[in-house]
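Enquirer: Those protein sequence lines, which keep their order, are chains A and B.
Heads up: the first sequence is residues 1 to 338, going by our numbering.
Heads up: the second sequence is residues 1001 to 1058, going by our numbering.
No residue lacks a Cβ here, since even glycine has one placed at the ideal position from N, Cα and C.
This structure is a prediction, so every number in the text was calculated from the model and none was measured.
Mind having a look at this structure? Questions to follow.
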Amino acid sequence: MTKAINVAAIPNSPLTFRNKIINGHFLWDQRGNGTVWAGAAANVQTYTMDRWYYVQTVGSRFSLQRQLSAGPAGLNSWLRTTSSAATTPGASAIYVVAQKIEGFNIADLGWGTADAKTVTLSFWVRSSLTGTFGGALFNGAASRNYVFSYSISAANTWEYKTVVIPGDTTGTWITTSGVGVQLYFDLGNGASSRGTPGSWSAANVYGPTGATNVIGVNGATWDLTGVQFEIGSTATPFEMPDLGTQAAQVYRYYQIQGNTEYHVCPAPGATFASTYPVHFPVVMRTTPTLGFAYSATNAIGAYTSAVYSGARGFVHYISASVSTNAYMSFTYTAEAEL
Amino acid sequence: MEYTDAKYIANPFTQENCGISVKKGGVDVVVPLDPDNVDYQNIMTLVDEGKLVIQPAG
């Protein structure tokens, strides 16, 4: 028995892995596990929930926190941002929540070529304020810029937004392990950090002219979830990968080994150096920055945190043990963010 | 991000530099000598600008 394939039924954009945004539902918060992020220093890119960071030209103007409660469209995790003061931004100031998408993940957009594909950004948003809001896209070098806007018509009510963005046929768009696309949400930028929405340019602006300043009202809130960035001119339902896939996605950029590793020396003696290999559960984007927390040591000599390291793991080193039962225990963090 | 107290780490087997021990925002971390690592990029920018000196290993 044979049956003809209905070619028209095969979509020209992927059915899976559509969403270029990782952790668009803000479930993963390895660094904070629900803590309030409030202390970002001025002009420092500070990572919070996995893959997401914020920047404030003047520090501590707004806070962020993952929320685990019923949100829109069946999503049970979301981001809450809260203004910490009534702030009037300086002309060039920026107050943004953002995510950088790795170049490998946007290679199929064809941006920077004549075949550049249209994309659609969709998300659920809620604010105590109403009016026009927005954000911007950049390439990795921040030499290409697209400002978008959206409106919130009812206060304290989840609203679904879609923004169709034509592909950029010019500029340089990294398609390897560097920064492919930068996505910014504007929470209150200065006048010269905003521009006219709806077209690609070489500007360096992060939101639309005249947008509502969330940071302008002390205690104002702005909530976000279900962020999706996909090929095509139609927003599809938020893609929810299985939990294992989500873990692999976020571990590529950041991971915590909270369970203690025990580096046990095999033999005592000043001439016996000891190495202990640690393999990451997921190959990271690049060789990560490592942070160590040592919880116990016993009868060891000098040690070196990481004598070999790469995207797949690292080797811990103890120069010598001085008696039997020599060991040290530690946990670590590994960060390979963009 | 603020980087202070930078010092090279030497591989005890080869004696070659294999990383940078540094305080990042006041927290001790080990930064690899990897041009794709953002911390390494930031540190090298500070070094080029004369704002940070990496002490030799040892």
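Grab me the residues of B/V1031's own chain with a C-beta within less than 7 Å of its C-beta, minus the 5 sequence neighbours each way, in chain order.
Expert: One-based indexing of the second sequence puts residue 1031 of chain B at position 31. The answer, listed in chain order, is G1019, I1020, V1022, N1037, D1039, Y1040, I1043.
Enquirer: Nearest to A/Y276 by alpha carbon, out of A/F314, A/P241, A/Y294, A/D242?
Expert: The residue given as residue 276 of chain A occupies position 276 in the first sequence. The candidate whose alpha carbon is nearest that of A/Y276 is A/F314.
Enquirer: By the three-class DSSP mapping on this structure, what secondary structure does A/D186 have?
Expert: Taking the first residue of the first sequence as 1, we reach residue 186 of chain A at position 186. Looking at A/D186 - three-state DSSP - the assignment turns out to be strand.
Enquirer: Between A/V307 and A/P288, what straight-line distance do the alpha-carbon atoms span, to the nearest angstrom?
Expert: Translated into the one-based positions of the first sequence, residue 307 of chain A becomes position 307. Translated into the one-based positions of the first sequence, residue 288 of chain A becomes position 288. The straight-line gap from Cα to Cα measures roughly 13 Å.
Enquirer: In chain B, which residues lie less than 7 Å from A/L401 when you measure between Cβ atoms?
Expert: Residue 401 of chain A lies beyond the range of chain A shown here (1 to 338); nothing can be said about it.
Enquirer: So, are the CB atoms of A/G34 and A/R66 less than 8 Å apart?
Expert: Here residue 34 of chain A corresponds to residue number 34 of the first sequence, with the count starting at 1. Here residue 66 of chain A corresponds to residue number 66 of the first sequence, with the count starting at 1. Against a cut-off of 8 Å, the Cβ pair of A/R66 and A/G34 comes out as a contact.
Enquirer: B/V1038 CB to nearest chain A CB: under 8 Å?
Expert: On the second sequence, residue 1038 of chain B is found 38 positions in, with the first residue counted as 1. At least one chain A Cβ lies under 8 Å of B/V1038.
Enquirer: For A/S201, which residues of its own chain have a beta-carbon under 7 Å away from its beta-carbon, when the five flanking residues on both sides are left out?
Expert: For the purposes of this step, residue 201 of chain A is identified with residue 201 of the first sequence, where counting begins at 1. N145, listed in sequence order.
Enquirer: Could you work out which residue in A/G131, A/Y303, A/K20, A/P208 is closest to A/P241 when comparing CA atoms only?
Expert: Position 241 of the first sequence holds residue 241 of chain A. Looking at the Cα atoms, A/K20 is the closest of the given residues.
Enquirer: At the 8 Å Cβ level, is B/I1009 part of the contact set with chain A, yes or no?
Expert: Here residue 1009 of chain B corresponds to residue number 9 of the second sequence, with the count starting at 1. At least one chain A Cβ lies under 8 Å of B/I1009.
Enquirer: Judging by CA-CA distance, which residue of A/N325, A/F123, A/Y251 is the nearest neighbour of A/E335?
Expert: The sequence position of residue 335 of chain A within the first sequence is 335, counting from 1. Among A/N325, A/F123, A/Y251, the Cα nearest to that of A/E335 belongs to A/Y251.
Enquirer: When you compare each of A/I300, A/T333, A/T209, A/G135 to A/S323 by their alpha carbons, which one comes out closest?
Expert: Here residue 323 of chain A refers to the residue found at position 323 when the first sequence is read from its first residue. Closest option to A/S323, Cα to Cα, is A/I300.
Enquirer: Please classify A/V97 as buried or exposed, where buried requires at least 16 neighbouring CB atoms within 10 angstroms.
Expert: Looking up residue 97 of chain A in the first sequence gives position 97. By the 10 Å Cβ count, A/V97 comes out buried.
Enquirer: Determine the extent of the beta strand (DSSP E) in which B/V1038 is found, giving its start and end residues.
Expert: Counted from its first residue, the second sequence places residue 1038 of chain B at position 38. From DSSP, B/V1038 is part of no beta strand (DSSP E) but of the alpha helix (DSSP H) over 1038-1048.
Enquirer: Residue range of the alpha helix (DSSP H) that A/T245 falls in?
Expert: Here residue 245 of chain A refers to the residue found at position 245 of the first sequence. Where A/T245 is concerned, the enclosing alpha helix (DSSP H) stretches over 243-251.
Enquirer: Contact between the segment 150-167 of chain A and the segment 89-108 of chain A: three or more CB pairs below 8 Å?
Expert: Contact fails: fewer than three Cβ-Cβ distances are below 8 Å.
Enquirer: Does the distance from the C-beta atom of A/S127 to that of A/T221 stay below 8 Å?
Expert: Translated into positions along the first sequence, residue 127 of chain A becomes position 127. Translated into positions along the first sequence, residue 221 of chain A becomes position 221. Closer than 8 Å, so yes.
Enquirer: Could you compute how far the alpha carbon of A/A273 sits from the alpha carbon of A/T297?
Expert: Against the first sequence, residue 273 of chain A aligns to sequence position 273. Against the first sequence, residue 297 of chain A aligns to sequence position 297. Each residue's alpha carbon lies about 16 Å from the other.
Enquirer: Tell me the rounded alpha-carbon separation between A/I22 and A/Q246.
Expert: Working through the first sequence from its first residue, we reach residue 22 of chain A at position 22. Working through the first sequence from its first residue, we reach residue 246 of chain A at position 246. Cα to Cα, A/I22 sits roughly 8 Å from A/Q246.
Enquirer: Going by DSSP, which residues form a beta bridge with A/K161?
Expert: Translated into positions along the first sequence, residue 161 of chain A becomes position 161. Answer by DSSP bridge pairing, in chain order: A/F123.
Enquirer: The segment 311-327 of chain A: which residues have C-beta closer than 7 Å to a C-beta of chain B, in chain order?
Expert: So the list reads Y317, S319, given in the order they occur along the chain.
Enquirer: Alpha carbons only, please: which of B/T1045, B/F1013, B/T1014, B/I1009 is nearest the one belonging to B/D1028?
Expert: In the second sequence, counting from the first residue as 1, residue 1028 of chain B sits at position 28. Closest option to B/D1028, Cα to Cα, is B/I1009.
Enquirer: Is there a Cβ of chain B sitting closer than 8 Å to that of A/A340, yes or no?
Expert: Since the first residue shown for chain A is 1 and the last is 338, residue 340 of chain A is missing from the structure and cannot be characterised.
Enquirer: Under three-state DSSP, which class holds A/S192?
Expert: Within the first sequence, the letter at position 192 stands for residue 192 of chain A. Helix, per DSSP.
Enquirer: Just mark A/Y160 as buried or exposed, buried being the case when its beta carbon has 16 or more other beta carbons within 10 Å.
Expert: Translated into positions along the first sequence, residue 160 of chain A becomes position 160. That one is exposed.
Enquirer: Who are the Cβ neighbours of A/A141 in its own chain at under 7 Å, not counting the five residues just before and after it?
Expert: Taking the first residue of the first sequence as 1, we reach residue 141 of chain A at position 141. T172, listed in sequence order.
Enquirer: Taking C-alpha atoms, which residue in A/Y53, A/A191, A/R51, A/S63 lies nearest to A/G90?
Expert: By one-based count along the first sequence, residue 90 of chain A stands at place 90. It is A/A191.
Enquirer: Closer than 6 Å by C-beta to A/A179: which residues in its own chain qualify, once you throw out the five before and the five after it? Chain order, please.
Expert: Working through the first sequence from its first residue, we reach residue 179 of chain A at position 179. In the sequence on display, residue 179 of chain A carries Val and not Ala. Taken in chain order, the residues that qualify are K100, G140, L338.
Enquirer: To the nearest angstrom, how far is the alpha carbon of A/E261 from that of B/V1053?
Expert: Here residue 261 of chain A refers to the residue found at position 261 when the first sequence is read from its first residue. Here residue 1053 of chain B refers to the residue found at position 53 when the second sequence is read from its first residue. Distance between the alpha carbons of A/E261 and B/V1053 is about 32 Å.
Enquirer: Using a Cβ-Cβ cutoff of less than 8 Å, which residues in the same chain neighbour A/S63 once the five nearest sequence positions on both sides are dropped?
Expert: Indexing the first sequence from 1 puts residue 63 of chain A at position 63. Cβ within range, chain order: V36, W37, A38, T81, T82, S84.
Enquirer: For A/F138, which three-state DSSP category applies?
Expert: Looking up residue 138 of chain A in the first sequence gives position 138. Here A/F138 sits in strand by DSSP.
Enquirer: If we count the other Cβ atoms within 10 Å of its Cβ and call it buried at 16 or more, is A/I5 buried or exposed?
Expert: For this step, residue 5 of chain A is matched to residue 5 along the first sequence. Exposed: under 16 other Cβ atoms inside 10 Å.
Enquirer: Locate the beta strand (DSSP E) running through A/K20, then write down its first and last residues.
Expert: Taking the first sequence and counting its residues from 1, the one referred to as residue 20 of chain A is at position 20. Note, A/K20: premise wrong, no beta strand (DSSP E); not H, not E.
Enquirer: To the nearest angstrom, how far is the alpha carbon of A/G339 from that of A/T175?
Expert: Given that chain A is displayed from residue 1 to residue 338, the structure contains no residue 339 of chain A and the question cannot be resolved.
Enquirer: By the DSSP assignment, the beta strand (DSSP E) with A/G171 in it spans what residues?
Expert: As a working note, residue 171 of chain A is residue 171 in the first sequence. Counting along the chain, A/G171 falls outside any beta strand (DSSP E), and DSSP gives it neither H nor E.
Enquirer: Hey, quick one: how far does the beta strand (DSSP E) through B/P1035 stretch, first residue to last?
Expert: Within the second sequence, the letter at position 35 stands for residue 1035 of chain B. Premise fails: B/P1035 is in no beta strand (DSSP E) and is neither H nor E.
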